[in-house]
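Student: So the sequences go chain by chain: A and B. Take the first sequence: its letter number 5 is residue -10 in our numbering, and every next letter is one higher. Take the second sequence: its letter number 232 is residue 243 in our numbering, and every next letter is one higher. Input: one structure, supplied below.
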Amino acid sequence: MSDARELILTRVRNALGDAGAAEAAAPAPRSYRRQGTLEPQARIELLCERIGDYQAEVRRVGAGALSAAIGAALAAAGATRVCVPAGIPRGWLAEGFEFVTDAPLTLAELDRVDGVLTGCTLAIAETGTIVLSAAPAEGRRAITLVPDLHVCVVGEEQVVETVPEAMAPLAALVRAQQRPITFISGPSATSDIELSRVEGVHGPRRLIVLVVNKELP
Amino acid sequence: MSGAGEGTAAMSESMPPFPPAAREALGDAQLRANLARATHTIRDKRDRVVAELPDWEELREAGRAIKADVLAHLDSYLLQFEQAVTAAGGHVHWAPDAAAANQVVLDVARAHQVDEVVKVKSLTTDEIGLNAALEAGGVHAVETDFAELILQLDGDWSSHILVPAIHRNRTEIRDLFRRTIADPSVSDDPRELAEASRRYLRERFLTARMAVSGANFAVADTGTVCVVESEGNGRMCTTLPPVLVTILGIEKLVPTFSDLEVFLQLLPRSSTGERMNPYTSLWTGVTPGDGPQEFHVVLLDAGRTRVLADEVGRQALHCIRCSACLNVCPVYSRTGGHAYGSVYPGPIGAILTPQLIGIENAPTLPFASSLCGACYEVCPVMINIPEVLLHLRAKAVESGAKPGERLAMNAAGWIFNGRRRFAAAVRLGRLGQRPLIRRGRIVRLPPPLDSWTRSRDLRPLSGESFRDWWARRR
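So, in structure tokens, the structure goes:
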């Protein structure tokens, strides 16, 4: 194996010759937008619009009404047994549902719950993306993948406007804790048959995003 | 691509020539209609979402420069990546060629006594013929991307980087599913067909003990691997089975995690014409209690260092496999992907394949282009495909020089260089062409000149030359 390593590295060095180092002198230009320009309210509206474009459901709620909104979303989706990560805020757990903590569940058990409820690490307005990083309120990757319904709570303060603004905090999580990162932009989809879009192939077929303003009741 | 079988050979041997394959494809009216619709639909979507970004050109420039930097320091980035993956609990293997990479996967499968693996769609694994190699070693690879599954069930192979089964319509897919994985009652509604594949694959995802993936990007400084996808099959494969092997072309590295901010904007918009693809997975080695607990990454050369050695051609290694160049190409959008006889079709395939396997093994591919330049304009990492095509054409001519052609060109040069010689030649031509003109056109020249008219008509020489016309008007 180490022979193969030496072989490839030697091939690379021979291929580059002396020209490689010279060409590399110039650092990559970073004149693209690295910071958004929108006011907070416009940023939230953009996020909601862009999530909606993916055929995901999105609602804005005040913090005081969050658990009722979660209950309404689950009820509308016909879910009664719902998986939650161990670190889910207890205040989110609406009355009248069976919340099953991932302690962890087996994959077969996970396949039998009606849905999953999580928070997120951040959201990107411009692309309508929510980002998970296996934080305590998000759980391991499998729980947001196997169930057919994902209800995700996004705090307004977690919303950034552009992709570059999301990367710095994520890079820090990866460097410090090797956290797995998942970008979710709408429900899973395929356009493989004659380019007609079908929502929901292997991941959750239904994605409901609740955007919470913690100042509001 | 299903591995074993007709024309699907891994890219280790010589490719069938493009012209006859293209001629056959052009005769298929259904294929041409599907292709025209598909390429135009994706093009329009791409144009809309690219126009939304005021800094698209700046992103392209950054993408190009980052990739150039990666290639210029590839040895140190590879070592940095190896160290980071190892520190994060992963295993790094180095594969100088396809066989070595396939052997690593087979060895891991055998170590775990696994006879079936689930697979994420990966051009790189198609390129090295992984499925066939595994099959030969007694391990069955289940393709889990919807289109790849369709092709695998039918022993067919991909015709488009992004929508591999674009040459198949819904009725054909329904019939195939009825024969293989679904109830006889399944209809041709794409929703029902997708549901059938969901049911078929779910059990496999939940019980699979090993998965194989490619990767879109890998980060040198953190050891993070990135897979970009739509269906969730990628997340299933890279999350649920306890063992994961990722095959990574050595050119897929980016220096830092933050560099992904450029490519995660360029790729989805160029590829599917979406602001972002549904799922992007990023993992770093092994995470206790979350995802595979054994992770291997195979660093694959298989011709990439050969490409790297060519100062003009090495920019082909910038490619992020978005397929935008296929959709704008006047040649691809008429012939489809099969005519290129390679895992990498279209304009990028025409410059990548001959370089990966040697120009002598694919000498016709650099000529499968009209050099219109549309591919260069849409390329998110600014690969100057026409420039590389011309460069490779020159090489193809040098390597396979036909003495007759060279003699004819020298003679033509001598004729064009003398005014009287030229006038005499034109007069001779006017006489000589008479028996060949049919309804104002020359549709077939006698051999050996017929290779020109095989794919084009020729206008006859005018009865009056420009010089004569000019002299008469004065």
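Virtual Cβ for every residue (Gly too), placed ideally from N, Cα, C.
1) Could you tell me whether any Cβ in chain B is nearer than 7 Å to the Cβ of P210(A)?
2) With DSSP as the reference, label C33(A) as helix, strand or coil.
3) Using only the alpha-carbon positions, how far apart do L469(B) and L460(B) sit?
4) Taking Cβ-Cβ distances below 8 Å as the criterion, which residues of the segment 280 to 309 of chain B are in contact with chain A?
5) Ignore the nearest five residues each way along the sequence and tell me which others in R189(B)'s own chain have a CB closer than 8 Å to its CB.
6) Spell out the partners DSSP gives E240(B) in its beta bridges.
7) On the DSSP bridge list, what partners appear for C137(A)?
8) Are the CB atoms of A350(B) and A158(B) within a distance shorter than 7 Å?
9) Tell me which residue opens and which closes the alpha helix (DSSP H) that R438(B) is part of.
10) Under 7 Å, do L201(A) and G47(A) count as touching if we go by C-beta distance?
11) Just the C-alpha distance for G140(B) and C386(B), rounded to the nearest angstrom, thanks.
12) Short check: CB of L259(B) to CB of A226(B), under 7 Å?
13) Check whether the Cβ atoms of S381(B) and P341(B) sit closer than 7 Å, and answer yes or no.
14) Going by beta carbon distance, what residues of the same chain come within less than 7 Å of K78(B), once the five residues before and after it are set aside?
15) Measure the alpha-carbon distance for G16(B) versus L107(A) and round it to whole angstroms.
16) Determine which residues of the segment 105 to 132 of chain B have a Cβ less than 7 Å from any Cβ of chain A, and write them out in chain order.
17) Smallest Cα separation from V230(B): which of R213(B), V60(B), R404(B) and S292(B)?
18) Curious, which full-length alpha helix (DSSP H) runs of at least 4 residues does the segment 140 to 201 of chain B contain?
19) Along the chain, where does the beta strand (DSSP E) that runs through C68(A) open and close?
20) Mapping DSSP to helix, strand and coil, what is T233(B)?
21) For V115(B), which residues from the same chain have a beta carbon less than 6 Å from its beta carbon, with the 5 sequence-adjacent residues on both sides left out?
22) Tell me L271(B)'s beta-bridge partners as DSSP assigns them.
23) Just the Cα atoms here: how many angstroms apart are P14(A) and L90(B)?
24) Nearest to T52(B) by CA position, among R213(B), L337(B), G360(B) and W481(B), is which residue?
25) For F82(A), which three-state DSSP category applies?
26) Can you tell me whether A222(B) is helix, strand or coil according to DSSP?
27) Note down the Cα distance separating E183(B) from E154(B), rounded to an integer number of angstroms.
28) Using a C-beta to C-beta distance shorter than 8 Å, which residues of chain B count as neighbours of H187(A)?
29) For R18(A), would you say it is in contact with chain B, using Cβ-to-Cβ distances shorter than 7 Å as the test?
30) Using the C-alpha atoms, what's the distance from T218(B) back to A93(A)?
31) Would you call the segment 93 to 101 of chain B and the segment 228 to 244 of chain B touching, i.e. three or more CB-CB distances under 8 Å?
32) Any beta carbon of chain A sitting closer than 7 Å to that of E69(B)?
33) Which parts of the segment 138 to 186 of chain A are runs of the beta strand (DSSP E), unbroken and 3 residues or longer, counting only runs that do not cross its ends?
34) Are the CB atoms of V98(A) and R66(A) nearer to each other than 7 Å?
35) Going by beta-carbon coordinates alone, are R(-4)(A) and T135(B) separated by less than 7 Å?
36) Let me confirm a value: P446(B) is counted as buried when at least 16 other C-beta atoms fall within 10 Å, else exposed. Which label applies?
Tutor: Here's the rundown:
1) Because chain A in this structure spans residues -14 to 202, residue 210(A) falls outside the shown range and cannot be described.
2) For this step, residue 33(A) is matched to residue 48 along the first sequence. Three-state DSSP puts C33(A) in a helix.
3) Here residue 469(B) corresponds to residue number 458 of the second sequence, with the count starting at 1. Here residue 460(B) corresponds to residue number 449 of the second sequence, with the count starting at 1. Taking the straight line from one Cα to the other gives about 11 Å.
4) T283, E285, R286, M287, N288, P289, Y290, T291, S292, L293, W294, T295, G296, T298, G300, D301 and G302
5) For the purposes of this step, residue 189(B) is taken as residue 178 along the second sequence, with counting starting at 1. P195 and V197, listed in sequence order.
6) Indexing the second sequence from 1 puts residue 240(B) at position 229. DSSP output for E240(B) lists Y290(B) as bridge partner(s).
7) Here residue 137(A) refers to the residue found at position 152 of the first sequence. Answer is T103(A) and V194(A).
8) Here residue 158(B) refers to the residue found at position 147 of the second sequence. Here residue 350(B) refers to the residue found at position 339 of the second sequence. No, the Cβ-Cβ distance between A158(B) and A350(B) is not below 7 Å.
9) As a working mapping, residue 438(B) is identified with position 427 in the second sequence. Start and end: R430 to Q444.
10) As a first step, residue 201(A) must be located in the first sequence, where it is residue number 216. As a first step, residue 47(A) must be located in the first sequence, where it is residue number 62. Yes. Within cutoff.
11) Indexing the second sequence from 1 puts residue 140(B) at position 129. Indexing the second sequence from 1 puts residue 386(B) at position 375. About 27 Å.
12) For this step, residue 259(B) is matched to residue 248 along the second sequence. For this step, residue 226(B) is matched to residue 215 along the second sequence. Contact flag set, yes.
13) Position 370 of the second sequence, counted from the start, is the residue given in the question as residue 381(B). Position 330 of the second sequence, counted from the start, is the residue given in the question as residue 341(B). In this structure, P341(B) lies closer than 7 Å to S381(B) by Cβ.
14) The residue given as residue 78(B) occupies position 67 in the second sequence. Closer than 7 Å at the Cβ level, and outside the excluded window around K78(B), lie H329 and V392.
15) The sequence position of residue 16(B) within the second sequence is 5, counting from 1. The sequence position of residue 107(A) within the first sequence is 122, counting from 1. Here G16(B) scores only 34 on pLDDT, less than 50, and its place in the model is too uncertain to base an answer on.
16) W105, A106, P107 and A111
17) Walking along the second sequence from the start, residue 230(B) turns up at place 219. Out of R213(B), V60(B), R404(B) and S292(B), S292(B) has the C-alpha closest to the C-alpha of V230(B).
18) 141 to 147, 157 to 165 and 181 to 190
19) Sequence index remark: in the first sequence, residue 68(A) carries index 83 (1-based). Per DSSP, C68(A) belongs to the beta strand (DSSP E) from R66 to V69.
20) Indexing the second sequence from 1 puts residue 233(B) at position 222. Note: T233(B) maps to coil in three-state DSSP.
21) Taking the first residue of the second sequence as 1, we reach residue 115(B) at position 104. Result list for V115(B): H104 and V309, in chain order.
22) Your numbering for residue 271(B) matches position 260 in the second sequence. Paired residues: none, contrary to the question.
23) Numbered from 1 along the first sequence, position 29 holds the residue referred to as residue 14(A). Numbered from 1 along the second sequence, position 79 holds the residue referred to as residue 90(B). The alpha-carbon atoms of P14(A) and L90(B) are separated by roughly 25 Å.
24) Locating residue 52(B) in the second sequence gives position 41, counting from the first residue. If we check each option's Cα against that of T52(B), L337(B) comes out closest.
25) What you label residue 82(A) is simply residue 97 of the first sequence in a count that begins at 1. DSSP places F82(A) in coil when its eight states are reduced to three.
26) Within the second sequence, the letter at position 211 stands for residue 222(B). The answer is strand: DSSP assigns A222(B) an E or B state.
27) As a working note, residue 183(B) is residue 172 in the second sequence. As a working note, residue 154(B) is residue 143 in the second sequence. Rounded to whole angstroms, E183(B) to E154(B) spans 19 Å at the Cα level.
28) As a position in the first sequence, residue 187(A) is number 202, starting the count at 1. Per Cβ cutoff of 8 Å: T155, R209, L212, R213, F216, E242, G243, N244, R246 and M247.
29) In the first sequence, residue 18(A) corresponds to position 33, counting from 1. Yes, R18(A) counts as interfacial toward chain B.
30) If you number the first sequence from 1, residue 93(A) lands on position 108. If you number the second sequence from 1, residue 218(B) lands on position 207. Rounded to whole angstroms, A93(A) to T218(B) spans 9 Å at the Cα level.
31) yes
32) For the purposes of this step, residue 69(B) is taken as residue 58 along the second sequence, with counting starting at 1. Yes - at least one Cβ of chain A is within 7 Å of the one on E69(B).
33) 166 to 169
34) If you number the first sequence from 1, residue 98(A) lands on position 113. If you number the first sequence from 1, residue 66(A) lands on position 81. It is a contact, given that the beta carbons lie within the stated cut-off.
35) Here residue -4(A) refers to the residue found at position 11 of the first sequence. Here residue 135(B) refers to the residue found at position 124 of the second sequence. Contact: no.
36) As a first step, residue 446(B) must be located in the second sequence, where it is residue number 435. So P446(B) counts as exposed.
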